[in-house]
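Novice: Those protein sequences? They're chains A and B, same order as listed.
Taken in order, the first sequence gives residues 10 to 273; the numbers are from this note's numbering.
Taken in order, the second sequence gives residues 32 to 245; the numbers are from this note's numbering.
Don't be surprised by glycine CBs; every beta carbon is placed ideally from N, CA and C.
Got a structure for you, questions after.
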Amino acid sequence: MTVLYDAPGPRTRRRIMIWSVVSGLVLAGVLGLGVWQFVAHGQLAAARWAPFTQWPIWEYLLVGLLGTLEAAAYVAVLSAVAGVFLALGRLSRVRPVRWLATGYIEIARTLPVLLMIYVTLFALPGVGVNLPLLWKLVLPLTVANAAAFAEIFRAGILSLPSGQSEAALSLGLTGAQTMRFVVLPQAVRHVTPSLVSQLVSLVKDTSLGYVVAFTELLYRAQVLSAYNHLLVQTFLVVTFIYLVCNGSLSVMAHRLRRREKQGG
Amino acid sequence: MQALLDNLAPLLQGLLTTLWMAALSAVGALVLGVVVTAMRVSPIPVLRGVAFAYVQLFLNVPLLALLVLFVFALPDAGLLMPLPATAVVVLVIYEAAYVAEAVRSGVNTVALGQAEAARALGLTFRQTLGSVILPQALRAVVQPVGNVLIALVMNTSLFAAVGIVELAAAANKTNLVHAQPIPIFVGAGLTYMALALLIGLGAGWLERRVAIVR
């Protein structure tokens, strides 16, 4: 972004210095106020944080994290597979297939996931479909994420130069073979960064297990805080765990994107 | 169908709550998002760092975890606001990170020559950003920001999980009483889809009006 301003001269450097100090002071002030607020209400007392130095508490939360990862893995695999077929459907030359896939994608993208969870929780049992707890979370998330994955794959397929499929077809490959051996492998590689970003969003979505009462990180945190009454500490720790897990995925997506740009 | 018509009042009340909370959050998120973007491209390292940390924090932590933290936990630290205000504040700071990402990608699409020309004319950083870069960047990001706003409306449904009776919660409550899931949930779903469609159409209309034809 250095194109937005010249290499700073002595006066600008001084001004940058002044503004750095000023904004640093403001930032320190805000943080200080926050810390002071916490101290005033005894939230930074050692006794309130000490439990989080003990393994059983971490074990309890990590079992929740395992649940988060389990649900996320199911959703990721299922919606990636469904996404590929939906993307192919939306690009299909057969009109009814195209309409069906397009309709599904557009509808699933504009329905709140929580509404779909309410349907699996309270509406489906009424018509005799009572899913296991894990699937009450995984099914609505898959319905929503399949549409998101489909759009990512479609973008990847469309971004490929048409020469690729033309060459494959003129070599005598059938349409299906062209898709399977030439177009899809390249398209998937091309959109890997976006897929990883979608993975982050999907891991975040699993926090809706809190509503379903499925054993994942946020739900476990709620149970734990009801037991130890350390709400502030528990939820701050959970926020931190989410930040570490998703942050490392985001870093990976960023690295992949940079490598893609360099054409490596 | 009858259950839907009999309970139109609470459902409409829920829709109204969804609408004003979404509208308020949208305005807040747009303003804060642009400010964060400006900080992120500024020459002041401290501001760049703060903006980067801000965006990373809210892109990686689930909205529901933040809502639970702010609504149930932070009152223990003396940070207590009325429930609707807390919910709107959380949604604003959460979606602002997404707005900032969208606007930043717009800033990156503005041709290098534009910034170079502005600097060659002697404009300061603030003038370059305010009069040359941002006006063009904002025109380029109408569609992506529209998508963020659609996500924002969908995300207001999470308010139901912290006890605000907006559309999703109203639909759920009505269903629990009347056990008529199909008309109630289909009605609520269609309403959300209509809202998303409206935003999408609005963004399309705005884009056609402000887009720069090159």
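Taking CB distances under 8 Å as the criterion, tell me whether B:Ser188 reaches chain A.
Specialist: yes
Novice: Would you say B:Leu63 faces chain A, with C-beta separation under 8 Å as the test?
Specialist: By this cut-off, B:Leu63 is not an interface position.
Novice: Would you mind stating whether B:Ala210 and A:Gly135 have Cβ atoms separated by less than 8 Å?
Specialist: yes
Novice: Specify, as a first and last residue, the run of the alpha helix (DSSP H) that B:Thr222 falls within.
Specialist: Annotation for B:Thr222: the continuous alpha helix (DSSP H) segment containing it runs Pro212 to Val241.
Novice: With DSSP run on the structure shown, which of helix, strand or coil describes B:Val72?
Specialist: coil
Novice: Please determine if the region 173 to 190 of chain A and the region 255 to 268 of chain A are in contact, where contact requires at least 3 C-beta pairs separated by less than 8 Å.
Specialist: They do not touch, by the three-pair rule.
Novice: Measure how close the beta-carbons of A:Asn154 and A:Leu211 come, nearest whole angstrom, since I'm counting them as under 8 Å.
Specialist: A:Asn154 to A:Leu211, Cβ: 5 Å. Contact.
Novice: Taking the alpha helix (DSSP H) that A:Ser206 falls in, what are its first and last residues?
Specialist: Leu193 to Asp214
Novice: Suppose only complete runs of 4+ residues qualify. What are the alpha helix (DSSP H) ranges in the region 49 to 94 of chain B, listed by chain order?
Specialist: 76 to 91
Novice: Taking Cβ positions only, does A:Pro17 come closer than 8 Å to chain B?
Specialist: yes
Novice: What separation, rounded to the nearest whole angstrom, lies between the Cα atoms of B:Val176 and B:Gln145?
Specialist: Rounded to the nearest angstrom, the two C-alpha atoms are 23 Å apart.
Novice: Relative to the alpha-carbon of B:Ala108, which residue among A:Arg24, A:Gly33, A:Tyr236 and A:Phe47 has its alpha-carbon at the smallest distance?
Specialist: The shortest C-alpha separation from B:Ala108 is found at A:Phe47.
Novice: Spatial neighbours of A:Gly223 within its chain, please: CB distance less than 8 Å, with the 5 preceding and 5 following residues excluded, ordered by chain position.
Specialist: The amino acid at residue 223 of chain A is misidentified as Gly; the sequence shows Phe. Closer than 8 Å at Cβ, skipping near neighbours: Gly76, Ala80, Leu142, Leu143, Lys145 and Leu146.
Novice: At what residues does the alpha helix (DSSP H) containing A:Gly165 begin and finish?
Specialist: Leu142 to Ser168
Novice: Between which two residues does the alpha helix (DSSP H) holding A:Arg266 run?
Specialist: Leu240 to Gln271
Novice: Can the beta-carbon of B:Arg71 be found less than 8 Å from the beta-carbon of B:Arg135?
Specialist: yes
Novice: Only counting the same chain, and skipping five residues up and downstream in sequence, which positions put a Cβ closer than 7 Å to that of A:Leu148?
Specialist: Counting only Cβ-Cβ distances below 7 Å, and skipping sequence neighbours, we find Thr129 and Leu140.
Novice: Do B:Leu98 and B:Leu189 count as a contact pair if the criterion is CB distance below 8 Å?
Specialist: Yes. Within cutoff.
Novice: Could you list the residues in the region 195 to 219 of chain A with a C-beta less than 7 Å from some C-beta on chain B, going in chain order?
Specialist: Within the region 195 to 219 of chain A, the qualifying residues are Val209, Lys213, Ser216, Leu217 and Tyr219.
Novice: If the criterion is Cβ atoms closer than 8 Å, does the pair A:Val209 and B:Asn91 meet it?
Specialist: yes
Novice: Comparing C-alpha positions only, which one of A:Gly73, A:Ala159 and A:Phe158 sits nearest to A:Leu227?
Specialist: A:Gly73
Novice: Could you check the C-alpha separation between B:Leu207 and B:Leu47 for me, to the nearest Å?
Specialist: So the alpha carbons of these two residues sit roughly 21 Å apart.
Novice: Can you tell me where the alpha helix (DSSP H) with A:Asn139 in it begins and where it stops?
Specialist: A:Asn139 -> no alpha helix (DSSP H), and no H or E assigned at all.
Novice: Only counting the same chain, and skipping five residues up and downstream in sequence, which positions put a Cβ closer than 8 Å to that of A:Leu240?
Specialist: Ser234
Novice: To the nearest whole angstrom, what separates the beta carbons of A:Leu120 and B:Gly231, a pair I think is in contact under 8 Å?
Specialist: 14 Å between Cβ atoms; not a contact.
Novice: Write down the C-beta distance between A:Gly112 and A:Val106 rounded to the nearest angstrom, noting that I regard them as a contact closer than 8 Å.
Specialist: About 11 Å; that fails the 8 Å criterion.
Novice: Whose CA, out of B:Gln174, B:Ile215, B:Phe156 and B:Ala191, lies closest to the CA of B:Ala69?
Specialist: B:Phe156
Novice: Does the beta carbon of A:Leu233 sit closer than 8 Å to a beta carbon anywhere in chain E?
Specialist: No chain E is present in this structure, whose protein chains are A and B.
Novice: Taking B:Tyr223 as the query, report the chain A residues whose CB atoms sit under 9 Å from its CB, ordered along the chain.
Specialist: Thr119, Leu120, Pro121 and Leu124
Novice: Taking 8 Å as the CB-CB limit, is B:Phe156 close to chain A?
Specialist: Interface criterion met: the Cβ of B:Phe156 is under 8 Å from a Cβ in chain A.
Novice: Cα separation between B:Ala182 and A:Lys213?
Specialist: Rounded to the nearest angstrom, the two C-alpha atoms are 14 Å apart.
Novice: What are the boundary residues of the alpha helix (DSSP H) that includes A:Arg118?
Specialist: Arg104 to Arg118
Novice: Are A:Tyr219 and B:Ala192 close, meaning C-beta to C-beta below 8 Å?
Specialist: yes
Novice: Less than 8 Å between the C-beta atoms of A:Arg229 and A:Tyr83, yes or no?
Specialist: Contact annotation: A:Arg229 and A:Tyr83 have beta-carbon atoms that are not nearer than 8 Å.
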